[in-house]
Amino acid sequence: MRFDGWITGIGTSSGTRLVVGHWARSPFGPFSDVMIERPDGHRLLLAPTRETADFIAGTYTFDEVRVVPVGVDVVGRAWTVRASALRLHFVTGRRGLVGLLLRVVPGSLAARPAWAEAVALPARVLLGVSTCGAAGRGRYEWYGARDVRPVGRAAAVFEGRDLGLLASVLPPVRFGFSSTPRKPCVVGVTVTVSLESGNGAQTRPGGRGSSRTG
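Quick note on this note's numbering: the sequence shown kicks off at 4 and runs consecutively.
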């Protein structure tokens, strides 16, 4: 299953960290979702339909799941996210060196699981993230980044509380096998998720131990 879109990771001075998925193309059609980790470690998913909520909760780990309308508006570099009791607004800055390098990689190559495995080491060194790994329910994921822009400023309110100033995504979020980069940013990405095959063997397109090509 392949998802094309953007992942935004933002930290706040209150200790709450936010991860926004904004998907232009997916097996469920276009949609957006928000993952929230509170300072006490409570992990919350906001997803727009039961179908998307079930899939995401089956791939990642949460303490609470809410099915609520999730809307994302993008005007130039300004993003506005509305999801039930969450209001988030942020503005992206200019691409740095990593973003410029990613833009050179052809999209068809960046989307391949083999590419995500090939760049796993530099991604860990430069961004502090993992590009492939095991997920929930026997699933396996590959993240193929195509672009990255820094978040220059942000403001967020959740359940009536101002979450404070923009901050690093620390401590790392604990939804899955990898966190987002420490510095708040928006990453253009293709995410490939393999599902467990009928005989119980993992389906890992292009990866070691694949039972078939996805």
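Even glycine gets a Cβ: it sits at the ideal position worked out from N, Cα and C.
These figures come from a predicted structure and were not determined experimentally.
When secondary structure is reduced to three states using DSSP, S111 falls in the helix class. In this structure, DSSP gives A86 an extended state, which the three-state scheme calls strand. In the three-state DSSP reduction, G102 falls in the helix class (H, G or I).
The C-beta separation of A159 from S16 comes to about 10 Å, leaving the pair out of contact by the 8 Å criterion. Annotation: the continuous beta strand (DSSP E) that includes L47 extends over 46 to 50. According to the DSSP assignment, R127 belongs to the alpha helix (DSSP H) that extends over 123 to 129. Residue nearest to S181 within the set W145, D165, G96 is W145 (criterion: CA-CA distance). Around T55, the same chain offers F31, F34, D36 as residues with beta carbons nearer than 8 Å, after the five sequence neighbours per side are excluded. By the Cβ-count criterion, H45 is exposed, with fewer than 16 other Cβ atoms from all chains shown falling within 10 Å of its own Cβ.
In the three-state DSSP reduction, F58 falls in the helix class (H, G or I). The beta carbon of G8 sits closer than 6 Å to those of H25, W26, A27, all from its chain and outside the five residues before and after it, given in chain order.
Straight-line measurement puts the Cα of R20 at about 22 Å from the Cα of T193.
Note that the C-beta distance between A148 and V190 is below 8 Å.
If you look at S197, you'll find it in the beta strand (DSSP E) that goes 188 to 197. For L21, the enclosing beta strand (DSSP E) stretches over residues 20 to 28.
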